[in-house]
Amino acid sequence: SSNSNDTIRTPLHRPSKPARSILLAAVDLGSLEEVEPLRSKRSMSGQSFPYSPNHSPPGSPITLRPSPLAGDTADGGNRNARGNGVANGDAKVAVIGGGDEAHVRTLSSFGAMMERLLQAGFHRWGLFVARNPFLVLVAALAVSVLLSLGLLKFTVTTNPVDLWVSHSSLARKHMNYFNSHFGPFYRVEQIILRPKAQDFFIVEKAGVNKTFGPAFEKNFMIEALKLQLAVEAVVGKLRPDGQPLHEGDEETYKPEELKNVTIYDVCLAPLSPLNKHCSVQSVFAYFQDDLAKLNLTDGIDPLSYLQHFDNCSKSASNAGCFAKYGGPIDDISLVLGGFNGTDFHMATALVITIPVTNYNDEAKKYPALAWEKEFLKLMKSYNNSEIMTIAFMAERSIEDELERGSHSDVVTVGISYIIMFAYIAIALGDINSCSRLLVDSKISLGLVGVLIVLLSVVASLGIFSFFNVAATLIIVEVIPFLVLAVGVDNIFILVQQFQRDERREGETTVEQVGRLVGEVAPSMMLSSVSMSACFFIGALTETPAVRIFALYAGVALLINFFLQMTCFLSLFTMDTLRQESNRLDLCFCIKASKKNKPGENTSLLYKFFKTVYAPFLLSDSVRVVVMVSFIGWLCSSIAVIGKIEIGLDQELAMPQDSYLQQYFDYLKKYLQVGPPVYFMVTENYDYTDVKKQARLCINEQVCDQDSVGAKLKQLTLLSNRTYVTRLRSYWLDQYIQYMRSPDCCFETNDKLHDFCFSQYGEANGRCKRCYVERSQPFTNETFKHYLSWFLTDVPGAKCSSAGRAEHGGAISHVNGTINAAYFSAYHPVLKTSKDFYTALEWARLISHNLTQIVQEVQPDSEVISYSLVHVFYEQYLTMWPDTFKNLAFSLGAIFVVTFVLLGLDFVSALVVTFTIVMIIVNLMGLMYWWDISLNAVSLVNLVVGVGISVEFCSHLVRVFAFSGAPTRVKRSQDALTKMGSSILSGITLTDCGILVLAFAKSQIFQVFYFRMYLGIIAFGTLHSLIFLPVFLSILGPPVNKDKLIEHIQLHEMTTVTPTITKPKNEKYTPTDGC
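Numbering-wise (our numbering), the sequence shown opens with residue 764 and increments by one.
Rendered as structure tokens:
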């Protein structure tokens, strides 16, 4: 400077309009290859730029609307001047070229303005937090604790129907219809017994040899019956108030204070209270569960028990073959296993099934749960028999084993998280010398970052618990991992950006933190908001577990970002000041004895990316190989996506050491029939009309040849295709037979004409017959009047067609007017998920065809199907459409948010979305090759994969979009250098703790968490650090002119400090404004 002038040094801001005109006139920015001439055509290093006298101090926010220079007035002033000139005669300036700048607000300029607004807003926020860290920390923690108070109402949903079945589900509606008319389907306790000696034996009778299977060996049968009797003697325990006992409760109460629960308190007893025996389905029903009858011989034929079985298997309606409860077994195929067709005598296993009464009210289930608990204890202790092997289950078994599996893997999951936490705490430090180890380490900051992740999850749980939205086990197991992946990456980006940054002249620590927050926070917000939007859109799915997970995850990610911008930023500022004051990490009150100069602020990983990896990856030959390889990989994945299996086999849901694994194995090997299936005729059907009776019944002479019953019977003959087998007797046929038989219907011989049981006959004149002659019609009031008698009468030797035992629950009626009734059949053995949902498809197809038959005579009635398993497998009928819809919605949300937050950059948003699509498609290819089926659990993981992929891609694309390097290759190299090490250390290496899940006992953890999460992390890393930089270097978005100008200004700020020469007598006064 001369004697008459002072030179004022000030940081650069966005140039005023004439300056922008000069820059834009210097070169056409349409081509990325022409960016570099911009630097040579303007001589910032040798000449002064015109700037507003209203300059900001170091560390202040970026100027959004710089004050116009003298001469740069609203009407343009003297902006047509050419060459060098003086503005307003005060400041000496150097002007290159001239020309008017167009005032057209393009999309790119509007996007640049949005970016400036974001940066300025976060800059101000960063300054505020850095200046008031304690106040912000306390306020944010108070908000978080307040949100977490909702945990006082925290509940977890374990009911599989509530978890996986939508309230609008057709199968759920059919289930509710069945439950409301016939009561909930009974609870099932089942034992499959297989003799260890699998020897067939031959019995000669009347010169004919007959082979019997190992299941009929007498010693085995005796042991099996003893086991059944032991099960029937089991006694459960409840607390005195009727509540279930918990761990340690038995020591609290005296034995006599506890309530006993026997099998007769919980089992299904169709003839109760006349006969309280349970309808246990076993082959021993033919012997009335009596050891003496099983051992009974006539002294000549010691194998007479086999003859008795043979007779009963051919005539189940024989009263001598009825079970103790007073009725026949439902079907002989239910009690024998391991035979083909109707060769019952070749059975190799026995099956014992105990139906237990079920209720919709949870409190009424407590006795059954208590009895089942003791039943399972007995079976586990009985499983060491020398004669037979046993497989068993109770209704509560699946929920118990799922809970046990989750608890058994707590240690495994805990170790996984501890590894990730330890890595974060250690890797955040920037240690360059042993002498500064305790000063430069950031263990406390890393732990705080992890605690913030956990606090965000807890706050999210609290919010939804406050609104009585129950959580699920998936939420507890998955969301911490998800938020950890996002939160830790953001933490690494912020900390490592600060470590690499060089503080500017005159800039304080607080100002540096504020400036870096302005630069980095928009990228952090981009990833967090994109992922949250992805999950919120994913909440549109109808599957409750997926919807609840998506809502919880979206809120947790937003809270995590809020805590990062408050709590973590406050603690980061305090930790930075601690480090600069040479105090020890973890022991803040201790100051190092010797203050050494901090080393270079670049890690080895950063140097590797900058000097070795980025130049190598972006060389021409390597880029060709990368593009060809990834395109080939993508095509191969697309080719196998359609081959992914749909469903979730039961074995995968259970721990490998579960007793249910053997049960599922025996179920497939030995059972001959699957779950019952019901075809319900709905309201308004007039059963009193003879023609309409004929449209339904099966066996009577009055029935139509193409009746509903006849069609069903025909379909059971094609069970290998129709998935319907063994149609049980139909109540209408039995009712007609009951009323036509002279030995069944009896009424009192007086004016009241009350009901008499058929087993007592005329009862010495007190009762008389009331049957309907075959020549008389059985319609109208006669039909209604005797219906309740038929359902009350007990089958016996005189009248085996009485309906109480077999059909008591098949009809819903009021005073003889039938509201609903069903046909009952069975599915064949369903071994895989595909079998289950194919059976559901066929049941619905059959119902549709039967409805057409019914509506020929009763247009306002229909036939609907129901089976206990339908409700769980309906989701697989629409799994592919649901998957594509969820992924499409999530990707659409990411595209929109990325487009907005990247400054309305369409190409950048498209690049991010396309790369995520590639990751997900390749992940689905992995599902095929690694035997991971498509179901609700893997769908959740695919949505998680979409979310985490945003974290892999968005930071790198944003740096590329805002880079001012001259070519796409240089911009890609710049982005990879700046973000590559942060992505690798912040996401990939952090999440390597999931490798521990490979040792989990739960196969769900092994298959759906370990395998898929490993794929998400590995594929995300490969695509973000290999494919994406190469793709950007070829087809990346063009440079935004407005963003580029600002980039050049910021770059020059760190290289050449511009000067503004002003008269000595005019002092420069910094302003508080931008």
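The C-beta atom is built at its ideal place from N, Cα and C for all residues, glycine as well.
Item: Through-space distance from residue 1020 to residue 1005, alpha-carbon basis; Value: 11 angstroms
Item: Distance between residue 1413 and residue 1221 (C-alpha atoms, nearest Å); Value: 31 angstroms
Item: Opening and closing residue of the alpha helix (DSSP H) in which residue 1175 lies; Value: 1173-1190
Item: Classification of residue 1539 by the beta-carbon crowding that lies within 10 angstroms, buried from 16 upward; Value: exposed
Item: Helix, strand or coil at residue 1055 according to DSSP, with G and I counted as helix; Value: helix
Item: CB-CB length for residue 1668 against residue 1724, believed under 8 angstroms; Value: 6 angstroms
Item: Cβ contact check for the segment 1579-1597 and the segment 1439-1452: 3 or more pairs under 8 angstroms; Value: yes
Item: Cα-Cα separation between residue 1127 and residue 1791, rounded to whole angstroms; Value: 59 angstroms
Item: Supposed close pair residue 958, residue 1151 - CB separation, criterion 8 angstroms; Value: 5 angstroms
Item: Residue ranges of each beta strand (DSSP E) within the segment 1544-1615, 3 or longer; Value: 1574-1577, 1580-1589
Item: Contacting residues, own chain, Cβ-Cβ under 6 angstroms from residue 1654 (five flanking each side not counted); Value: 1676
Item: Inter-residue Cα distance where the pair is residue 1569 and residue 932; Value: 30 angstroms
Item: Validate contact between the segment 1444-1457 and the segment 1621-1630 using beta carbons, cut 8 angstroms, 3 pairs; Value: yes
Item: Which listed residue (1211, 1609, 1207, 1311) has its alpha carbon closest to that of residue 1481; Value: 1609
Item: Residue 1438, DSSP secondary structure in three states; Value: coil
Item: Own chain residues within Cβ distance below 8 angstroms of residue 919, not counting five before or after; Value: 1233, 1234, 1235, 1236, 1239
Item: Beta-carbon gap between residue 1510 and residue 1530 smaller than 8 angstroms; Value: yes
Item: For residue 1177 and residue 1044, the rounded distance between their alpha carbons; Value: 45 angstroms
Item: Residues near residue 867 by beta carbon distance below 8 angstroms, same chain, minus five either side; Value: Residue placement at residue 867 cannot be trusted, given a pLDDT of 37 that sits under 50; the coordinates are not used to answer.
Item: Range covered by the alpha helix (DSSP H) that runs through residue 935; Value: 933-945
Item: Enclosing beta strand (DSSP E) for residue 1119 [first to last residue]; Value: 1112-1119
Item: Contact check, residue 1007 vs residue 1139, beta carbons under 8 angstroms; Value: no
Item: Exposed unless 16 or more other CB atoms sit within 10 angstroms - verdict on residue 1773; Value: buried
Item: As assigned by DSSP and simplified to three states, the class of residue 1279; Value: helix
Item: Same chain only: Cβ atoms within 6 angstroms of residue 1448, ignoring 5 sequence neighbours per side; Value: 1621, 1624
Item: For residue 1521, the nearest candidate out of 1003, 1077, 1533 (CA to CA); Value: 1533
Item: For residue 1097, the nearest candidate out of 1033, 1118, 1082 (CA to CA); Value: 1118
Item: Three CB pairs or more closer than 8 angstroms across the segment 951-965 and the segment 1081-1091; Value: no
Item: Residue 1609: CB within 7 angstroms of a non-hydrogen atom of the ligand NAD; Value: This structure simply doesn't include the ligand NAD, nor any ligand for that matter.
Item: Segment limits, beta strand (DSSP E) that includes residue 1794; Value: From DSSP, residue 1794 is part of no beta strand (DSSP E) but of the alpha helix (DSSP H) over 1791-1798.
Item: Assigned exposure category for residue 968 - 16 Cβ within 10 Å defines buried; Value: exposed
Item: Cβ-Cβ separation, residue 1642 to residue 1409 (assumed contact under 8 angstroms), whole Å; Value: 5 angstroms
Item: Status (buried if at least 16 other CB within 10 Å, exposed otherwise) for residue 1036; Value: exposed
Item: Environment of residue 1246 [buried if 16+ CB atoms lie within 10 Å]; Value: buried
Item: Close Cβ partners of residue 1411 (< 8 angstroms) along its chain, the five nearest in sequence each way excluded; Value: 1596, 1696, 1698, 1699, 1700
Item: Cβ shell of residue 1340 (< 7 angstroms), same chain only, five flanking positions each side left out; Value: 1272
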